[in-house]
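Some notes on the structure that comes next.
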Amino acid sequence: MAKIIKPLTATEVKNARPEDSPLRDGGGLIEIHNCHKARESFHIEEAQNNPTIPPEELPRLVADIKQWLEEGKIQSKTYYLLGWSLLTGVRPAEAVSVEWSEIDWENATWNIPAEKMKGRMNKKMPHSVPLSRQMLEILQNMREIGG
């Protein structure tokens with residue numbers, strides 16, 4: 002019976018070493034292959050971290066955000082989202098994808114389901130974020146304005 006081999010991702014092909022390949026010469030599957038040449042066909046962008054702000058600059062940022070709201074430069078939803086992001090420390094995609102059904106008001110917890118978490122499908126785990134008084138205030142304000 003033939004051995005079934007799972008398909009490779011572009012990253013796996015890029016990082017593959019010919020000596021590790023089950024298709025290598027003498028591996029019993031094929032006599033000649035050019036899989037090692039496939040690496041040159043893939044361009045994979047390196048992951049880049051989002052820029053951060055030094056902690057000592059946070060008070061100025063918060064003051065600027067509040068001033069922008071007062072001057073009408075940003076909408077209240079934007080103001081609350083920026084505050085939410087700063088307080089929770091979650092990734093931007095998680096910050097904007099909160100659903101009311103994930104908020105446990107009674108226990109002051111945000112329960113993020115596994116399918117929303119970053120990572121490989123079989124490694125994702127649900128995550129709970131404890132909510133402070135300030136976080137709950139932001140959520141209540143967002144709820145009132147239809148956010």
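When the letters of the sequence shown are read in order and numbered with the numbering used here, they come out as residues 2 to 148. Where is the CB? At the ideal position from N, CA and C, for every residue including glycine.
TODO: Could you tell me the distance, in whole angstroms, from the CA atom of Trp111 to the CA atom of Pro93?
DONE: Taking the straight line joining both Cα atoms gives about 15 Å.
Task: At least three beta-carbon pairs within less than 8 Å, the region 73-90 to the region 39-47 - done: Segment contact: the region 73-90 against the region 39-47, fewer than three CB-CB distances shorter than 8 Å; contact not assigned.
Task: Spatial distance of Gly148 from Ser98 (CA atoms) - done: Distance between the alpha carbons of Gly148 and Ser98: 11 Å.
Task: Environment of Leu59 [buried if 16+ CB atoms lie within 10 Å] - done: When all chains shown are included, Leu59 counts as exposed.
TODO: Tell me, to the nearest whole angstrom, how far the beta carbon of Pro131 is from that of Ala115; I am working on the premise that it is less than 8 Å.
DONE: In this structure, Pro131 and Ala115 do not form a Cβ contact; the two beta carbons are roughly 18 Å apart against a cut-off of 8 Å.
- [ ] Give the single residue among Asp105, Glu71 and Gly73 whose Cα lies nearest to the Cα of Met136.
- [x] For the set Asp105, Glu71 and Gly73, the Cα lying nearest the Cα of Met136 is the one of Asp105.
Open item on the list: I need the boundaries of the alpha helix (DSSP H) containing Ser77, first residue and last residue.
Closed with: DSSP places Ser77 inside the alpha helix (DSSP H), whose first and last residues are Ser77 to Thr89.
Open item on the list: By alpha-carbon positions, which one of Leu88, Lys117 and Arg121 ends up nearest to Glu138?
Closed with: The candidate whose alpha carbon is nearest that of Glu138 is Leu88.
Task: Proximity winner among Glu100, Glu145 and Gly90, relative to Ser133 (alpha-carbon distances) - done: Taking only the C-alpha atoms, the option nearest Ser133 is Gly90.
TODO: Report the option in Arg121, Val63, Gln141 and Asp65 whose CA atom is closest to the CA atom of Ala158.
DONE: No information on residue 158 is available, as it lies outside the stretch 2 to 148 that the chain covers here.
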